[in-house]
Structure formats: structure tokens, C-alpha cells
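**Q** Below is one structure. I have some questions about it.
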Amino acid sequence: MNVLIAAVGTRGDVQPAVALALGLSAHGHRVRFAVPPNFQAWVESLGLEVIPIGFDVEDFIGHIGYRALKGTRRLRGQTQVQFDALDEVASEVDLLVGTSVFAAGPTLAERHRIPYRHVGFGPSLLPSREHPGLLVKWQRLPRWLNRLSWRLNSLGWNLAFRGPLSRMRARAGLGPVEDLWRHLWGEEAWIAADPALAPLPADAEIPAVQTGCWWLPEPEPISAETAAFLARGPAPVFLGFGSMGDPNPSRTTATVLEAVRRAGVRAIVSRGWAKLDAAAPSSNVHFAGPEPHGKLFARCAAIVHHGGAGTTSQAARAGVPQLLVPHLLDQFFWADRVWRAGLSPKPIPRTRLNADRLARGLRSCLDDTLAERARALAPRMTTDGVERAVRLVEALAPGRSEAANRERRGVG
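The working numbering applies: residue 944 is where the sequence shown begins, and numbers increase by one.
Have a look at this one:
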């Protein structure tokens, strides 16, 4: 098959899609991979054919910080940018797969008469009475209020983005969109998240298939500096906020260092997109760049992170306690889900993070009960999510003659 994957978002949105692309390539399929330009060099280094689209997402996240609505105006114009960048390529492929804020997918698929599948990295993206809409931080609302929040979610996304999307569709000779959220998922959602942590809701309004996580192989070793720190003492805690920006990294760094001192633990602090760093950290703290989480997390006593779907699942796979500091969107869902599972102390919303709360959370993470629960969950995590997704892709192989394919693509 000839597949186009458009992964638009942060590292957590791109990395699983890369895993799928490599899995498809290993099965003999041709994959073209559309990605924001700040990921282009990394994805190309893995041997994939890359098409850069849109803007630098790291710069964008640095601008909005943890205020999800701040970037709405800039995102409104991206649907047309995505369409223009991929219209010609979409005419040549058998399947289009998109992630996160890739909004042009259903329109491209309709225009070129090919299947489209949108990928979500958690069931919290599917309307349900079991959890609130994406912009709601409070996760333990009554079921009727969750349902109302999804109606408001639909209204908000329609007000913000339906106009630009419908105008783009009109230029392509297609009709307007009635409900944007439902439109973006197409015929069937693919949820690349682990059912051991978060199964599909029983009343999901959108048809969905859950594959488990799409793990990217990690051939690279832990860096020599980080390995040396690990060897110098007992297992440290890991602290990092991944692809989240920070309006004041110096203050956040000071908060983290003070919490580590009060908790009396060793710590590896990931600089991440928040750019956490210190000129003179204590001997118990090591600041690290990108590391293979699958190899590092299993050597840590606990993982403190922002609550991205991938980091949450990787920590669960490692079998260690977690402490989540949700910044925005589905991170509040994951924070609550891990807390309910007994794998973490009470989450600390990013806006309430201070040294005292973080120190208490760090000490709580070292509780033997949390560690036992985390170790018990780890063997239940799926490991073949990519293989399952590859089978889903192959099930969509066009059963048409080559002449029909040429006709569909406008060739010959």
C-alpha cells in the first residue's frame, strides 16, 4: 500500500505515528510522513520520506505555555496550509492517517476518494458520559454534566474552526461541515492507548478501535552522563514536562530543586521544551537532555511528568509510581486516571505547583503500596500495538484493479 501519515502536534503526537510508519515500512508498504518542520531532521534520520507542513510546534508551545486557548487564532489558518501542502500527495496514496491537530484529513480523503483514519492517543477524546470534554479540567463530574460539557465542546470547536474548514472545503468543491469534532474523526477513530490504563468508554458516540500504544524502538543507549549519575547512588526520581513550554523556566527550576532538597531524593531533571536547567545544581540532581524513556524509567524510583499520553503509558510500562502535573487538555484525564488506579498520589495542576506540594508528592511516590500496584500493572500493558495497527491498515487495502486506481487518481 501507499500510505500518507500526517502527524501534527508535539513529540507525543509524532513519535507514535513514526512507530506506525516504521512498522508499515517493515511490512513492505510505502510511507510518506508529513510533520512540522522542527521534527523533520529527526524523522528523516530514521529513513522516512518527509514532507514538512505547518509551523514549528516547539516555538508555538513556547508561545502559548499551558494556556490551550491562546493558540486558537494561529491554528485557525493551518487547515488550508495542511490542505495545500498535501493535496497533490493525497491524490497518489491509498490511505491517509492523521493525528492531533491535523484537520485537513477528512477533506483530502473525500476529495481523492481514499479512506481516512484519525488517531487519538487516549479515549478522553471521544464524547462520552464517562469523562468531560477536552477543555474541562475537572474529571469527576456527574455523568449528565459530562455530556453537557461535550455539547459545549462541540459548540466551541465549531465557533472557532468550522468557518475556516468549510471555506477550505468550498474551494475544493465540497459541502460545509455541520459538526467539526465529529467530522474530524471520519468513519472510525483509532485509539493508540492502552486499555489496561484507559479502555474505551462503553457509550462512545464515535466508532473506535483501540490498538494499545504504538511503541517506537529505542536502539540508542542512555547517555554516558546520565548512566554515570544512575550508577553513583540509589534510584532517582525523574522529573520532566516533555513538550510543555514554560513562561519562567528559572523559577520552575528553582521550585523543582527546592522540592528535591526537601524530599531528600536524588533526581534526574529533563530540560525538555520548558528548558529547565541550573548553573549549579546539587550533587543529587542531574539535568538531562533527551533520553530513551523505555530504558531510563525502569531505573527510576518514580516519574514526575506533565501527563502526556505517551509518558503516562511509558511510566506504567516501566512499573514505577508516577506523579502527574497536568498542564492542559487530556493531561487532566490521564492524571485522574492514574490516580484512580492507585499508581500515583494526588495530581498537582501546573498552576498550583510549588516546592511544598511537589516535595510532599515526591515523598508519597516512594510509598511501597504505590510501587506494588505499579509493578502489578506493568505486565498487563500491550506490547504489539503497532502490529495491530498495521493489520488495520492492511485491512483497508484497495480491492480495486489498477485501472480503477488510476481512474480514482485521475491518471491515464
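Every residue, glycine too, gets a C-beta built ideally from N, C-alpha and C.
Check LEU947 in the structure and name its three-state DSSP category.
**A** If DSSP states are grouped into helix, strand and coil, LEU947 belongs with the strands.
**Q** If you follow the beta strand (DSSP E) that GLU992 is in, where does it begin and where does it stop?
**A** 992–995 is the extent of the beta strand (DSSP E) around GLU992.
**Q** Among LEU1272, ALA1115, ARG1105, ARG1090, which residue has its Cα nearest to the Cα of GLU1148?
**A** Of the listed residues, the one whose Cα sits closest to GLU1148 is ARG1090.
**Q** Among residues of its own chain, excluding the 5 on either side of LEU1296, which ones have a beta-carbon nearer than 8 Å to its beta-carbon?
**A** Cβ within range, chain order: THR1195, THR1198, VAL1268.
**Q** Where GLY1041 and GLN1025 are concerned, what is the direct C-alpha to C-alpha distance, given to the nearest angstrom?
**A** Roughly 11 Å separates the two Cα atoms.
**Q** Could you tell me the alpha carbon to alpha carbon distance between LYS1289 and GLY1253, rounded to whole angstroms?
**A** In a straight line, the C-alpha of LYS1289 is about 20 Å away from that of GLY1253.
**Q** Quick test of the definition: if touching needs 3 or more C-beta pairs under 8 Å, does the region 1074–1085 touch the region 968–984?
**A** No: the two stretches stay apart, fewer than three of their Cβ pairs being nearer than 8 Å.
**Q** To the nearest whole angstrom, what separates the beta carbons of GLY1328 and ALA1135, a pair I think is in contact under 8 Å?
**A** That belief holds up - the Cβ atoms of GLY1328 and ALA1135 are roughly 6 Å apart, short of 8 Å.
**Q** Could you pull out every residue in the same chain whose Cβ sits closer than 6 Å to the Cβ of ASP1189, ignoring the five residues on either side in sequence?
**A** Once the five neighbours on either side are set aside, the close Cβ partners of ASP1189 are THR1195, ALA1217.
**Q** Which residue's Cα is closest to the Cα of ARG1125: SER1097, ALA1210, PRO1138?
**A** Nearest option by C-alpha distance: SER1097.
**Q** Quick one: what's TRP1133 bridged to in DSSP?
**A** Bridge partners of TRP1133: VAL1062, VAL1152.
**Q** Between the alpha carbons of TRP1128 and LEU1039, how many angstroms are there, rounded?
**A** Rounded to whole angstroms, TRP1128 to LEU1039 spans 12 Å at the Cα level.
**Q** What are the boundary residues of the beta strand (DSSP E) that includes ARG1175?
**A** Neither: ARG1175 is in no beta strand (DSSP E) and is coded neither H nor E.
**Q** In three-state terms, what does DSSP make of ALA1340?
**A** Note: ALA1340 maps to coil in three-state DSSP.
**Q** GLU1337: which of ALA969, GLY952, VAL951 sits nearest, CA to CA?
**A** Nearest C-alpha to GLU1337: ALA969.
**Q** Apart from the five residues on each side of it in sequence, which residues of its chain come closer than 8 Å, Cβ to Cβ, to ILE1291?
**A** Once the five neighbours on either side are set aside, the close Cβ partners of ILE1291 are LEU1266, LEU1267, VAL1268, ARG1300, LEU1301, GLY1304.
**Q** Let's see if you can read the secondary structure: which residues bound the alpha helix (DSSP H) around ARG1300?
**A** Note, ARG1300: alpha helix (DSSP H), 1298–1308.
**Q** From the DSSP output, in three-state form, read off GLN1265 for me.
**A** GLN1265: strand per DSSP, three-state reduction.
**Q** Measuring alpha carbon to alpha carbon, tell me which residue in GLY1250, VAL1208, PHE1184 is nearest ALA1231.
**A** The shortest Cα separation from ALA1231 among GLY1250, VAL1208, PHE1184 belongs to PHE1184.
**Q** Among residues of its own chain, excluding the 5 on either side of PRO995, which ones have a beta-carbon nearer than 6 Å to its beta-carbon?
**A** If we look at PRO995 and ignore the five residues flanking it on each side, its Cβ neighbours are PRO980, GLN983.
**Q** If you compare alpha carbons, which of SER1071, ALA1103, SER1092, PRO1070 is closest to LYS1080?
**A** It is SER1092.
**Q** How many Å lie between GLY1262 and ALA1210 at the Cα?
**A** Computed Cα separation, rounded: 18 Å.
**Q** Could you tell me the alpha carbon to alpha carbon distance between VAL1152 and LEU1140, rounded to whole angstroms?
**A** Those two C-alpha atoms are separated by around 15 Å.
**Q** Could you have a look at ALA1231 and say whether DSSP puts it in helix, strand or coil?
**A** Residue state, collapsed to three classes: strand.
**Q** Which same chain residues, not among the five before or five after PRO1192, have their C-beta less than 6 Å away from its C-beta?
**A** Only ALA1217, LYS1218, LEU1219 meet the Cβ criterion.
**Q** Measure the C-alpha to C-alpha separation of ALA950 and ARG975 and round it to an integer number of angstroms.
**A** Whole-angstrom Cα-Cα distance: 11 Å.
**Q** According to DSSP, is THR1294 helix, strand or coil?
**A** In this structure, THR1294 counts as helix in the three-state DSSP scheme.
**Q** I want to know whether the region 1098–1110 touches the region 1162–1181 - three or more CB-CB distances under 8 Å.
**A** Result no; under three Cβ-Cβ pairs closer than 8 Å.
**Q** Locate the alpha helix (DSSP H) running through HIS970, then write down its first and last residues.
**A** That residue, HIS970, is in no alpha helix (DSSP H); it is neither H nor E in DSSP.
**Q** Leaving out the 5 sequence neighbours to the left and right, which residues in its chain are closer than 8 Å to ALA1113 when beta-carbon positions are compared?
**A** These residues qualify, in order along the chain: PRO1119.
**Q** At which residue ranges does the region 1073–1102 contain complete alpha helix (DSSP H) runs of 4 or more residues, listed in the order of the chain?
**A** For the region 1073–1102, whole alpha helix (DSSP H) runs of length 4 or above, ordered along the chain, are 1086–1100.
**Q** Let's test the definition: count the other Cβ atoms within 10 Å of the Cβ of GLU1163 and tell me whether it reaches 16, buried, or not, exposed.
**A** Exposed.
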